[in-house]
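Below is one structure, written out as C-alpha cells; comments come after it.
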Amino acid sequence: MSKHTLKKPSKTDWRGVDAMRDEDIDYSEIPELGEAFFREALVWPGRKQQITLRLDPDVLNFFRAQGRGYQTCINLVLRKYMLAHRRGEEFTPPHDDA
Numbered sequence: 505m506s507k508h509t510l511k512k513p514s515k516t517d518w519r520g521v522d523a524m525r526d527e528d529i530d531y532s533e534i535p536e537l538g539e540a541f542f543r544e545a546l547v548w549p550g551r552k553q554q555i556t557l558r559l560d561p562d563v564l565n566f567f568r569a570q571g572r573g574y575q576t577c578i579n580l581v582l583r584k585y586m587l588a589h590r591r592g593e594e595f596t597p598p599h600d601d602a
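For the sequence shown, our numbering gives the first residue as 505, with consecutive numbering after it.
Written out as C-alpha cells, the structure is:
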C-alpha cells in the first residue's frame, strides 16, 4: 500500500510487520473459522448496476423517509425476496396492471 493513499499517517510499524515471520503471529484472539462460517458466508454479488426502476409514489416515499441509504435498503429488501424465492418459500406478489 502506498503511503500516498492514506489520509492520515499510519502509526503501524510496517517494517516490523514486514519482518515478522508467520510463526511469530499471535492468533490466540482470532477464532477458528469452521464449516458453519463458510456455509453461512456471503458471496459478494459483484459490482452494482445502475438501472431505471418505476416505483409507486407511496413505496418510494416510504423508503426515502428512511433517510440516507434508502436505495441500499431497497436493494436489501429485493435481495431478501430473491433469497426467499430461491429457498422455495411461497410468496406471490400482487399483480399490478398499471
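A virtual CB, placed ideally from N, CA and C, is assigned to each residue, including glycine.
Looking only at C-alpha atoms, which of ILE578, ALA545, ILE529 sits nearest to LYS552?
-> ILE578
Top-ranked residue by Cα proximity to ARG558, from LYS584, PRO513, ASP526, GLN575 = GLN575
From the DSSP output, in three-state form, read off PRO561 for me.
-> PRO561: helix per DSSP, three-state reduction.
Distance, Cα to Cα, PRO513 vs ARG519?
-> 15 Å
What residue range is occupied by the uninterrupted alpha helix (DSSP H) comprising TRP518?
-> Where TRP518 is concerned, the enclosing alpha helix (DSSP H) stretches over 518 to 523.
Nearest-angstrom Cα distance between VAL581 and ALA545?
-> The straight-line gap from Cα to Cα measures roughly 19 Å.
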